Amino acid sequence: MVDLVRVGAGAARDADATCPTSLRWKAQPLSRAVGRFPKEQLDDFVLRPVMEVLDRVEFSGESSDDVFSTVHDVGGLAHPGVTRFADHAARTYLAAEFSSAGHSMRPVRELWVAQRVLPSVVWELYAWGRRYESVDGGLREFRFLRLGAARERSRGEVAIAAYAAAFGTPAEFPDPWSEPFRPSGRTGAERVRVLDVGLVDGSVTPLFDGTAGEVEAYFAEHGRARVVEIARGEDVVPGFGCGDCKRVAVCRGPVRMPGLLGVESGQGSLRTVSISGLRYYRTCPAQAYLRTVHLPRTYEYSPEAELGHAVHAWLEAAHRGQGTACRPDTMPPVTTPVADAAWSAGKWRVEGEFANLGARMLGHHVEICPFRDAPAIDSVQVEPQLTFFDTVARAVVVAKPDLIYRECGHWVWRELKTTQKTKRYYTDPLEEFPQLALAVSVLAAGGLGPGGAGRIELEILRPSGAEIVVIDPTDDERVQTARRVLREWAGPWRSDHTFEARPGRNCRGCPVSVWCPSYPGPDLDEKEDETGAA
Numbered sequence: 000m001v002d003l004v005r006v007g008a009g010a011a012r013d014a015d016a017t018c019p020t021s022l023r024w025k026a027q028p029l030s031r032a033v034g035r036f037p038k039e040q041l042d043d044f045v046l047r048p049v050m051e052v053l054d055r056v057e058f059s060g061e062s063s064d065d066v067f068s069t070v071h072d073v074g075g076l077a078h079p080g081v082t083r084f085a086d087h088a089a090r091t092y093l094a095a096e097f098s099s100a101g102h103s104m105r106p107v108r109e110l111w112v113a114q115r116v117l118p119s120v121v122w123e124l125y126a127w128g129r130r131y132e133s134v135d136g137g138l139r140e141f142r143f144l145r146l147g148a149a150r151e152r153s154r155g156e157v158a159i160a161a162y163a164a165a166f167g168t169p170a171e172f173p174d175p176w177s178e179p180f181r182p183s184g185r186t187g188a189e190r191v192r193v194l195d196v197g198l199v200d201g202s203v204t205p206l207f208d209g210t211a212g213e214v215e216a217y218f219a220e221h222g223r224a225r226v227v228e229i230a231r232g233e234d235v236v237p238g239f240g241c242g243d244c245k246r247v248a249v250c251r252g253p254v255r256m257p258g259l260l261g262v263e264s265g266q267g268s269l270r271t272v273s274i275s276g277l278r279y280y281r282t283c284p285a286q287a288y289l290r291t292v293h294l295p296r297t298y299e300y301s302p303e304a305e306l307g308h309a310v311h312a313w314l315e316a317a318h319r320g321q322g323t324a325c326r327p328d329t330m331p332p333v334t335t336p337v338a339d340a341a342w343s344a345g346k347w348r349v350e351g352e353f354a355n356l357g358a359r360m361l362g363h364h365v366e367i368c369p370f371r372d373a374p375a376i377d378s379v380q381v382e383p384q385l386t387f388f389d390t391v392a393r394a395v396v397v398a399k400p401d402l403i404y405r406e407c408g409h410w411v412w413r414e415l416k417t418t419q420k421t422k423r424y425y426t427d428p429l430e431e432f433p434q435l436a437l438a439v440s441v442l443a444a445g446g447l448g449p450g451g452a453g454r455i456e457l458e459i460l461r462p463s464g465a466e467i468v469v470i471d472p473t474d475d476e477r478v479q480t481a482r483r484v485l486r487e488w489a490g491p492w493r494s495d496h497t498f499e500a501r502p503g504r505n506c507r508g509c510p511v512s513v514w515c516p517s518y519p520g521p522d523l524d525e526k527e528d529e530t531g532a533a
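Per numbering that gives the first Met the number 0, residue 0 is the first one in the sequence shown, and the count goes up by one each step.
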């Protein structure tokens, strides 16, 4: 039997969380999915309606006005927020300015596929996006589509897209996907351009412009080895991508923990969730969904939130020393005058009073640093990505603790919170912070591997001091409470299939409100006052 290896340009993107094994399986169309799950009621492929609208305008001769009037009928059942974005994205794309460099360009429906047929294997390279060529066929232009603003892409992506354009032959999508492409028509072009197009604002970033010879050299340097790497990938990196992997049901990557969320799915689809995702869902199901499908977001961080992220990032870097205790001289200083105070950690920068507040918090951390006068510690992991597969809920659960380590053979899970409040503002930490409930359930079930269930720690940093709240994962009452909390948070999310909006005061700070048809507008307070007066 002849093998088939098919690599799309998107498989070569730079992403630390991308699983090499999953990419290898996706590059093998002849491999079958193990443990198929039903599809969601809502179509979560945001670009599908965008592409179908553009196809109707560019290939069917329909006017843009006619197409946009029926955009809600395009493709499968889409969330209203996705439909609104698709309308915006298609209009933005059609209005974007592209330099023709003196060439008259026409759209191309078929993919460009570079195919190499060997006795034992067929290799295929292609790129998914929009394609155009000059009337004489000498110039081909490939355009990546990005939900947000245009920007650079990995050299591997660009190399594969450019190579498929320069040396590929037109071909329709095979049906079934396990069949090889059947290219026909003119092969290759003399010159190739590759662009990245931002659908949120119509921005365009040139990625490559060169002759076929230059494409060949670029691919030899940046593409060929990446293609082989994708085709042979063996490392397992579980995470948010597990939900789309055809072999997740038999993969050794995600830790199997049936019943972790305390809910059943029946014969539901496979979903992926984090505690942050459940928190967004509690605020508004529509917001949670539109975040999940990665619609462009407005800036969502208050100065207090920026400070919290900066403190987290500082300690993440400090704890990378694998068990080295923090010292006062390694923390940012409190600065006078306040206007001169500033420090950065990771991508976060704080200035002025917030910089000094953070410096005080970090100074107090030194007193309760987990590595200060610590006994035997090993297996230190700073902000690791942990992935669990609840086979009962049919959910991949992704968690990112601030710190986990083994102390004298027992696991410790620490979470960090920053606050300017001087007193506790909650009754039970498991109720207030569901990530602690997840930690209790995981440790109680031995989900971190060899080692006993030690403790969960909540580190609370204030400008005035620090506090450690300890939770025992071997305490039956704490375990039962943790399971109840997870069940209450996950139950409504698991049973929801439409993710309707819940308009209210939370709309004011919602980063995806621009796409939500239920958004009441910026004058929400005035509307509520009028309603109350009536």
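Glycine included, each C-beta is placed from N, C-alpha and C at the ideal position. Remember, predicted model here, so these are calculated numbers, not experimental data.
- In the assembly as shown, Tyr280 is a buried residue. Its beta-carbon has 16 or more other beta-carbons within 10 Å.
- Judged by DSSP secondary structure, Asp54 falls outside any beta strand (DSSP E) and instead within the alpha helix (DSSP H) spanning 46-58.
- Assignment of Arg12 by DSSP, reduced to helix, strand and coil, places it in the coil class.
- In this structure, DSSP gives Val235 a state outside helix and strand, which the three-state scheme calls coil.
- Annotated as proximal: Arg405 and Asp377, with beta-carbon spacing under 8 Å.
- Distance from the CA of Ser62 to the CA of Val112, rounded to the nearest whole angstrom, comes to 30 Å.
- In the three-state reduction of the DSSP assignment, Gln27 falls in the coil class.
- Secondary structure note for Ser494: its alpha helix (DSSP H) is the uninterrupted segment 475-494.
- Pairwise C-beta distances place the region 43-63 out of contact with the region 258-276, as fewer than three of them are shorter than 8 Å.
- Put simply, of Val236, Phe84, Ser301 the residue whose alpha carbon is nearest the alpha carbon of Gln384 is Val236.
- Counting only the Cα atoms, Leu93 lies some 12 Å from Arg55.
- For the 8 Å CB-CB criterion, Glu458 and Ile467 form a contact.
- Only exposed fits Val134, as fewer than 16 other CB atoms lie within 10 angstroms of its CB.
- Its chain contains Gly7, Ala8, Phe141, Ile159, Ala160, Ala163 as the residues whose beta carbon lies nearer than 7 Å to that of Ala126, once the 5 sequence neighbours on both sides are disregarded; these appear in chain order.
- Per the coordinates, the alpha-carbon of Thr417 lies some 60 Å from the alpha-carbon of Gly136.
- In the DSSP annotation of this structure, Arg130 is not part of any alpha helix (DSSP H); the continuous beta strand (DSSP E) holding it starts and ends at 129-133.
- The C-beta distance from Ala148 to Asp200 rounds to 5 Å, short enough to fall under 8 Å.
- Closest option to Arg359, judged by alpha-carbon separation, among Val513, Pro253, Val333, Glu228: Val333.
- Gly209 has its alpha-carbon roughly 15 Å from the corresponding atom of Tyr131.
- Taking 8 Å as the cut-off, the Cβ atoms of Ala89 and Leu146 do not count as close.
- Residue ranges of uninterrupted alpha helix (DSSP H) with 4 or more members are absent from the region 402-427; none lies entirely inside it.
- Contact between Leu194 and Phe143 holds, with the beta-carbon distance rounding to 7 Å and staying under 8 Å.
- Relative to the Cα of Ala287, the nearest Cα in the group Thr323, Gly80, Ala312, Ala10 belongs to Gly80.
- Excluding sequence positions up to five before and after Leu447, its CB lies within less than 6 Å of the CB of Trp410, all in the same chain and listed in chain order.
- If the five residues before and after Gly167 are omitted, its C-beta is found closer than 6 Å to the C-beta atoms of Trp111, Val112, Ala113, all from its own chain and listed in chain order.
- For Glu458, the enclosing beta strand (DSSP E) stretches over residues 451-461.
- Secondary structure in the region 137-224: the beta strand (DSSP E) runs of 3 residues or longer, each lying completely within the stretch, are 138-145, 168-170, 190-197, 203-210 in chain order.
- Distances from the CA of Thr386 to each of Cys241, Gly357, Gly128, Ala224 were compared; the closest alpha carbon is that of Cys241.
- Contact check for Arg231 against Arg23 passes: the beta carbons are separated by less than 8 Å.
- Between the alpha carbons of Val469 and Ile455 lies a gap of roughly 6 Å.
- Straight-line measurement puts the Cα of Ala444 at about 22 Å from the Cα of Glu431.
- When DSSP states are grouped into helix, strand and coil, Ala500 belongs to the coil group.
- Between Ala10 and Ala26, the C-beta spacing is below 8 Å.
- In the DSSP annotation of this structure, the continuous segment of the beta strand (DSSP E) that includes Ala344 starts and ends at 341-344.
- Contact check for Arg152 against Arg12 passes: the beta carbons are separated by less than 8 Å.
- Each of Arg154, Val227, His311 was checked against the Cα of Glu123, and the nearest Cα belongs to Val227.
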